[in-house]
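In full-length UniProt numbering, the protein residues as written are 1 to 222.
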């Protein structure tokens, strides 16, 4: 008699009681609560080039909408992130136009925050052109992976090992040119030859496997 593998392994019960979740197609619109729609329309057009052609129209790829609200409560954290190809120039223009911006650009993560007329915090961000890793202070494998995590803006899911590093080479999207610039490579290589070898080998293996997703490496000494 044939065995019911699903039943015997308890899989059927797990499938039977699997929790249902709603079907979400996407984000239809992100509403920004504003006190004066006309004033906000003008501000967003003059300072960001976003054209709301109706009072509560959807606008842009993520469907922004202005929604009238008598006493909007400003967001303490950024509502959303806008991407620009020229962060310095954008910062200069917005500051010259009187927009309330951060005192300086955060070059560790390539962004600055600013506020709209209602005090909502928004973020302007640019993808890094490349990743600069200074290996001069790296004395252990743990140091190396901490540096990688910091410079690639990786979250808690990074496991501080080479398998995890190999995975992020494919998933990393915040670097426009997939390039590592390594400072003080020779001294690092002399201290941790196995780690240096593994670093380069994994990039070569990645490039061989994914020819349309190549990473390049520039080694330099200061």
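Glycine included, every Cβ here is placed at the ideal spot set by N, Cα and C.
Simplified DSSP state of residue i, which is helix, strand or coil
i: residue 145; result: helix
i: residue 51; result: coil
i: residue 132; result: strand
i: residue 165; result: helix
i: residue 89; result: helix
i: residue 201; result: helix
i: residue 68; result: strand
i: residue 44; result: helix
Status (buried if at least 16 other CB within 10 Å, exposed otherwise) for residue i
i: residue 214; result: exposed
i: residue 40; result: buried
i: residue 205; result: exposed
i: residue 93; result: exposed
i: residue 212; result: exposed
i: residue 103; result: exposed
i: residue 90; result: buried
i: residue 118; result: buried
Own chain, CB closer than 7 Å to residue i, minus 5 neighbours either side, in chain order
i: residue 134; result: 183 and 184
i: residue 174; result: 127, 128 and 153
Residues of its chain near residue i, where Cβ-Cβ distance is below 6 Å and the 5 sequence neighbours each way are ignored
i: residue 198; result: 162
i: residue 75; result: 120 and 121
i: residue 51; result: 45
Residue i and residue j closer than 8 Å at C-beta
i: residue 195; j: residue 141; result: yes
i: residue 65; j: residue 109; result: no
i: residue 106; j: residue 78; result: no
Cβ neighbours of residue i in the same chain (closer than 8 Å, five flanking residues each side left out)
i: residue 172; result: 152 and 178
Cβ of residue i within 8 Å of any chain B Cβ
i: residue 184; result: Among the protein chains of the structure shown there is no chain B, as only one such chain exists.
Quiz item: Can at least three beta-carbon pairs, one atom from the stretch 134–152 and one from the stretch 111–122, be found at a separation below 8 Å?
Solution: A contact between stretches requires three or more CB pairs, one per stretch, nearer than 8 Å, and the stretch 134–152 fails this requirement with the stretch 111–122.
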